[in-house]
Structure formats: C-alpha cells, structure tokens
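Visitor: The numbers in UniProt numbering rise by one with no breaks, and the one at position 88 of the sequence shown is 88.
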Amino acid sequence: VEVAGSKFPMEREAGDQWSVCLSGVRGAAAYHFVFSSNCNDCFHQEGHLLHRRDPYARFCDFNSNDCFVVLPPAAAAAAVAAAAGKEAAAAAAAAAAPPALEPWNKWIIYELHPSTFVQPKEGQTVFEAIGEKLDYIASLVGLRASKVKGGFNAVELMPVQEFGGLWGYNPRLLMALHSPYGNPEGLRALVECCHRRRIAVIFDVVLNHGSSKLNSLWNWDGYGPHNNGGIYFEGGGESGWGRKFAFHKPQVRNMIKKAAAVFLEEYK
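#1: With H, G and I counted as helix, E and B as strand and the rest as coil, what does DSSP make of Arg188?
#2: For the region 189-198 against the region 219-226, do three or more pairs of beta-carbon atoms, one drawn from each stretch, fall closer than 8 Å, so that the two count as touching?
#3: Return the first residue and the last residue of the alpha helix (DSSP H) that Glu265 is part of.
#4: Quick one: Cα of Gly235 to Cα of Phe245, how far?
#5: Between the alpha carbons of Tyr110 and Phe152, how many angstroms are there, rounded?
#6: Which word fits Ala28, buried or exposed, when buried means at least 16 other C-beta atoms lie within 10 angstroms of its C-beta?
#7: Excluding the 5 residues preceding and the 5 following Val206 in the sequence, name in chain order all residues of the same chain whose CB lies nearer than 6 Å to its CB.
#8: Starting from Ala138, trace the alpha helix (DSSP H) in both directions and tell me its first and last residue.
#9: Take Glu11 and list the residues in its own chain whose beta-carbon comes closer than 8 Å to its own, dropping the five residues that flank it on each side.
#10: Buried or exposed, going by whether 16 or more other CB atoms sit within 10 Å of the CB of Glu122?
#11: Determine contact between the region 238-253 and the region 63-70, defined as no fewer than three beta-carbon pairs at a distance below 8 Å.
#12: Would you kindly work out how many angstroms separate the C-alpha atoms of Val155 and Leu49, rounded to a whole number?
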C-alpha cells in the first residue's frame, strides 16, 4: 500500500487476504494499493505495477487513484471526548440528541437529485447547500391524499456513491461518496440537520452493477481474458446499464452487504 507517497509491503494471511498495520496514519492521508499484474493479464506485461483504489474506501479524489483515510465515526467521537473530557462530551452529546422521527409508514418523502436541487455558493459544498434548503422542504405540503398532515418529513437522496455519468446510477465505487458533492463529514452533518428537524433520510444506493464509465473496480486485478472485468465482475453478466457484479462469489456478496451497511451505520 502507498500512503502519502511511501510504500509499505503487505503480508499474506490465511484465506488469500493481505494486510499491513501502520501507526501514526492521520485522517485525510492519501493512499492507494500497488501490486503486480499476474501472468494471465493479456494487457499489461507480467510484473507491471498496477495502481488501484481501495474498493472499501469512503472518500477519494475523483480524478486519480488517491483514496483518503476517513476515521470511523466512533473513533472520531472518541478523539473529541478525549480532547473535551468524558463528562463534557457526554453532556454535549445529550444536548445534541435529535427528536424522534415519525414511523416509516407515516413518512411523506421528498426525493431530490443533489447537484440539480441546489446551486452552491462559492466555497460551499452540495451537501451544505442542501442543508440550507431543509426548512423549505419541511414547509411544503405533502400529498393531499395522505392522512398525515403537514409537510415532508423524509428526504430521499438520489445516489451519493461516487459515480460516472450524471444521475448517480452508475457507481464507480460502492462505499466512497461522490466527492463533487462533499465529504463524509459533510454528509453526516446533513443527516444530523435533517434529524434535528425530524426529517428522516433515505439513501438510494445502487448495488446491482458497476459504472460503464470510469469504473474503479473494472479489471481491478488486471486485464483478464475476454474482457471479463476482473475479480469483481467476471461471470456477472450484463444489466443493460453496466456489468453486473459477480454475485456468485462470497467475497463480492460480502462487499455489497457492507456497502449497504455503511450508509446505515456511518451516516445516522
């Protein structure tokens, strides 16, 4: 793995897994994986170094292989608690606790496409600009046929996974956010703003196929025979929108389950 320009060898473990344990790595440090192409690669010479993004990355530079270290929410909260003192942090957390949301079967849902819903001001992210429109959304009258009175109480975000194209339904990675919209901290802040207004958040995620453009997982382990897409797509078949994932592989199924869990567990 290459971190901030320095390479660190990874060791092979049981089950064909590779790992390295590094100390002193800070949040936002840039990293990516580097490995040699295999003998079956019919595009690169054997031993050619491949530079690849982390399939489990949470945030990346849109135009390069650089991924950025993102501290897990629990670790970030622990760092805040250590700096402020446990009692002060607990009091702040209690004061910031959002009010209860309406039950899901009483939600009136406002679906939006992030980048066309707002026009961010200079220096502002898409997520921040959406946050400024929440009072407007909450004030709108919901479906008149509904027995629930009042405005919208749930927001459905069209895909915020990093994608190729315009709408978001062609994911380049499954867990990384679309960096033109903002970073993980910005999305968490948006979710918190919604919850403080008793607005639920629904994430529209795409887990069926990969992007037909700029797909970071395509041929991840090198160019394979018959252009099969490599370890994440081989044998997956076509969807009409992009190659389906290799659902027959337990490793791929686990990655897809994790991708769904990320949006439930890390942005709440």
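Where is the CB? At the ideal position from N, CA and C, for every residue including glycine.
Nothing here was measured: the structure is a model prediction, and the numbers come from that model.
Guide: On the basis of the supplied data:
#1: Looking at Arg188 - three-state DSSP - the assignment turns out to be helix.
#2: Flag = no, the region 189-198 and the region 219-226 do not touch.
#3: Taken as a continuous stretch (DSSP letters only), the alpha helix (DSSP H) holding Glu265 covers Pro250 to Glu265.
#4: Cα to Cα, the separation comes out at about 8 Å.
#5: Approximately 6 Å between the Cα atoms of the pair.
#6: With fewer than 16 other Cβ atoms within 10 Å, it is exposed.
#7: Cβ neighbours of Val206 beyond the five flanking positions: Pro159, Tyr169 and Pro171.
#8: Leu134 to Ser139 is the extent of the alpha helix (DSSP H) around Ala138.
#9: Cβ neighbours of Glu11 beyond the five flanking positions: Trp18, Ser19 and Val20.
#10: Counting Cβ neighbours within 10 Å, Glu122 comes out exposed, since fewer than 16 surround it.
#11: These segments do not touch.
#12: The straight-line gap from Cα to Cα measures roughly 44 Å.
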